[in-house]
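Asks: Handing you this structure, nothing more for now.
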Amino acid sequence: MARIEGVNLPASKRVEYGLTYVFGVGLKSARDILKATGINPDKRVKDLSDGEVAILQKEITTNHRAEGERRKEIRMDIKRLQEIGSYRGLRHKRGLPVRGQRTKTNARTRKGPKRKGGQVALKRQVTKK
Numbered sequence: 037m038a039r040i041e042g043v044n045l046p047a048s049k050r051v052e053y054g055l056t057y058v059f060g061v062g063l064k065s066a067r068d069i070l071k072a073t074g075i076n077p078d079k080r081v082k083d084l085s086d087g088e089v090a091i092l093q094k095e096i097t098t099n100h101r102a103e104g105e106r107r108k109e110i111r112m113d114i115k116r117l118q119e120i121g122s123y124r125g126l127r128h129k130r131g132l133p134v135r136g137q138r139t140k141t142n143a144r145t146r147k148g149p150k151r152k153g154g155q156v157a158l159k160r161q162v163t164k165k
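Start counting the sequence shown at 37; every next residue gets the next number (the working numbering).
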């Protein structure tokens, strides 16, 4: 089993798709990495030798931002938006959708489950004569 950047790659997948399991490495980046290292993208992860895994690990750590480094970069970008007081930073802070989606009906993923008692029933007042 190949382990790159602390992630176990799925053994039965092709290398180019297996590399996408590393955070910050997409299909385009995976293909670029394989082209730079000279490893055949049709090869399965289980067929990689220890030397090839080491070459892939070295290529990713030196020329690409992946896993913890990438997560830290994203966190810092969001923090910067919040500190400068931008609209996007405000939306991040409040836990609402950032990219202009509607929130009246949808956005349950960002807002969380519905809270009880959100609707107020229109009750007819009983008047005594």
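No residue lacks a Cβ here, since even glycine has one placed at the ideal position from N, Cα and C. Nothing here was measured: the structure is a model prediction, and the numbers come from that model.
According to DSSP, simplified to helix, strand and coil, what is Ile-75?
Replies: coil
Asks: Does Ile-40 come out as helix, strand or coil in the three-state DSSP assignment?
Replies: When DSSP states are grouped into helix, strand and coil, Ile-40 belongs to the strand group.
Asks: By how many angstroms is the C-alpha of Gly-136 removed from the C-alpha of Ile-114?
Replies: 16 Å
Asks: At a cut of 8 Å, does the stretch 82-102 reach the stretch 59-73 through at least three beta carbon pairs?
Replies: yes
Asks: Give me the Cα-Cα distance between Asp-28 and Lys-49, rounded to the nearest whole angstrom.
Replies: Outside the shown range of the chain (37 to 165) lies residue 28, about which nothing can therefore be said.
Asks: On the CB-based measure, 16 or more other CB atoms within 10 Å of its CB, does Leu-84 come out buried or exposed?
Replies: buried
Asks: Taking His-100 and Val-61 to be in contact with their CB atoms under 8 Å, please state how far apart those CB atoms are, rounded to whole angstroms.
Replies: 7 Å
Asks: Starting from Asp-86 and walking both ways along the alpha helix (DSSP H), at which residues does that stretch end?
Replies: 86-99
Asks: My output table needs one value for Arg-50: the three-state DSSP class, helix, strand or coil.
Replies: strand
Asks: Figure out for me which residue from Leu-117, Lys-64, Val-81 has the closest Cα to the Cα of Pro-46.
Replies: Considering only alpha carbons, the answer is Val-81.
Asks: Since Thr-145 is in the alpha helix (DSSP H), which residue starts that stretch and which ends it?
Replies: 144-147
Asks: Is the beta carbon of Gly-104 less than 8 Å from the beta carbon of Leu-117?
Replies: no
Asks: Given this structure, state the Cα-to-Cα distance separating Thr-139 from Ala-66, to the nearest angstrom.
Replies: 36 Å
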